[in-house]
Every structure is written in C-alpha cells, then in structure tokens.
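See structure below.
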Amino acid sequence: MPRNKYPEETEKKIVDKAMELFITKGYENTSVQDIIDATGLSKGAIYHHFSSKEQILLTVYDIIAKRTSSEMMRIVTSDKMNGGEKLRAMFMNSFQDDEHIRFMKSLPNLLENPHFLALHMKDTIEDVAPRYIYPVLQEGILDGSITCEYPMETAQVLMVLSNVWMNPLIYTETMENPEHKVAILYRIMHTLGIDMVDQAAYGRVQDVIQELK
1 MPRNKYPEET
11 EKKIVDKAME
21 LFITKGYENT
31 SVQDIIDATG
41 LSKGAIYHHF
51 SSKEQILLTV
61 YDIIAKRTSS
71 EMMRIVTSDK
81 MNGGEKLRAM
91 FMNSFQDDEH
101 IRFMKSLPNL
111 LENPHFLALH
121 MKDTIEDVAP
131 RYIYPVLQEG
141 ILDGSITCEY
151 PMETAQVLMV
161 LSNVWMNPLI
171 YTETMENPEH
181 KVAILYRIMH
191 TLGIDMVDQA
201 AYGRVQDVIQ
211 ELK
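For the sequence shown, the numbering used here assigns the number 1 to the initial residue and increments by one for each residue that follows.
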C-alpha cells in the first residue's frame, strides 16, 4: 500500500466529517462505519490515524475548545471593557456560540461517561478558571466593577456552578426549571460582588439549557 503523503489532510478530513456527523446524529448514534462512508476512506485508514471513535471525539473536543479559548482570550485582552463587562461578555459568549452548542448537544450524558466528565472537569478547574476568569476578576477588583474577595476561589466556584451544576449533560433530571438555576446563580454571584447576567440575558441562557436537555 502506498504511503499517505498528506497525513494531516487525511486527519483533518476524518475530524471534519466526524464533527458533522456528531452534530447531526449525535456521538452515540454515529458509528465508525458512518465516518468511513462520509470520508470515503477505508477502515484501515481511519484506524491508522485514530485508535477509536472516542479518540476522534476527543480531537473534535480539543478543536472546539481551542476556538472557544481564542474568543475568551480576545475578551480578556480587550481594552474596551472593564472587568465586570468582560466577565458578562465571556459568560454570554458561551450561550451564543451556535457551533459549540450544537457540539455539546451531540455529546453523551457525562455522568455515564466518566472519561469525558473527568476531561470536562479538568478543563473547567485547571484551565478556564485560572486562565480566563481569575485575571478578569482581578481586573474588575482593581477597576471597581467587581467587589469579590478571593478571586481564584471565586473563579473556581463560578466555573463549577456554570459548567457543571447548570450543565444539562450532567444533571438532566434537575433541569425541569432552568430559570430557577439561572436565578440562583445570579443571586450567588451578586452576593459575591459579581453581576454576571443581567435580566435581559436570562431568556437566552434558559433557551440554551432547554435546547441541551
């Protein structure tokens, strides 16, 4: 068999087609055969680049995460917003990224897939909180738009509440009234000196949570 001269292009093709399938059919309803049919590649070619469907999903997850991180960093480094405005912009951006939302809908329930849950928790606590939320909280404290104490711990609590406790891919049974969770998150953050979501944003947040259920 001749060697593939362009392995990066082949991997990109596999990932792009798999992403389309995951979004349209869902991860659990997409088979390796579906990916083979969509790419026109052989089974051997797929497994040459990826050991499993799960590994393909992890690669897709990484790509989506990098795009989200790029947008988060754009907000963090903006010189047109104060800390409080940046925090609200980052929070609402996660509910306005349609591709990210569609990808999240494709994932299996995270409680039933501990590997994905661990990945999600690690990303939330070890990357998003210290890299994006913490510096914005510090900036807000300095410019007076945020009054919280203990910004690192507050960043971690904020991420656990918004990315885990409010995540319908984890707590499906407790999302009958998503507006209740949004209201509680708002009150907790307000008590801590952070106004993350204004009243006008409630509707969008609730709609996305309902869509992910």
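Note that CB positions come from ideal geometry on N, CA and C, so glycine has one too.
A quick note: this is a predicted structure, and the numbers were derived from the prediction, not measured.
Which of helix, strand or coil does DSSP assign to residue i?
i	result
Gln-41	Rather than Gln, the amino acid found at residue 41 in this sequence is Leu. DSSP places Leu-41 in coil when its eight states are reduced to three.
Asn-29	coil
Gly-78	Here residue 78 is Ser; the residue named in the question, Gly, does not match the sequence. Residue state, collapsed to three classes: coil.
Gly-193	coil
Met-19	helix
Tyr-61	helix
Met-90	helix
Thr-46	For the sequence presented, residue 46 should be read as Ile rather than Thr. The answer is helix: DSSP assigns Ile-46 an H, G or I state.
Ser-52	coil
Gly-144	coil
Ile-36	helix
Kindly list the residues whose CB is nearer than 6 Å to the CB of residue i, restricted to its own chain and excluding five residues on each side of it in sequence; keep chain order.
i	result
Met-19	Val-60
Ala-129	Ala-155, Gln-156, Met-159
Ser-145	Asn-82, Gly-83, Gly-84
Grab me the residues of residue i's own chain with a C-beta within less than 7 Å of its C-beta, minus the 5 sequence neighbours each way, in chain order.
i	result
Tyr-134	Pro-151, Met-152, Ala-155
For the candidate residues the options, whose alpha-carbon lies nearest to that of residue i?
i	options	result
Asn-29	Pro-108, Glu-179, Glu-85	Pro-108
Leu-87	Lys-25, Val-164, Arg-187, Val-136	Val-136
Please report the Cβ distance between residue i and residue j, rounded to the nearest whole angstrom; I am assuming they are in contact, meaning their Cβ atoms lie under 8 Å.
i	j	result
Phe-103	Phe-22	7 Å
Leu-215	His-120	Missing from the structure shown is residue 215; the chain here goes from 1 to 213 and no further.
Thr-191	Val-164	Going by Cβ atoms, the distance from Thr-191 to Val-164 rounds to 20 Å, so no, they are not a contact pair.
Whose C-beta lies closer than 8 Å to the C-beta of residue i among residues of the same chain, with five residues either side of it excluded?
i	result
Thr-10	Asn-4, Leu-41, Ala-45, His-49
Can you confirm whether residue i, when its beta carbon is compared against all beta carbons of chain B, has any partner nearer than 8 Å?
i	result
Ala-155	Of the chains in the structure shown, none is chain B; there is only one protein chain.
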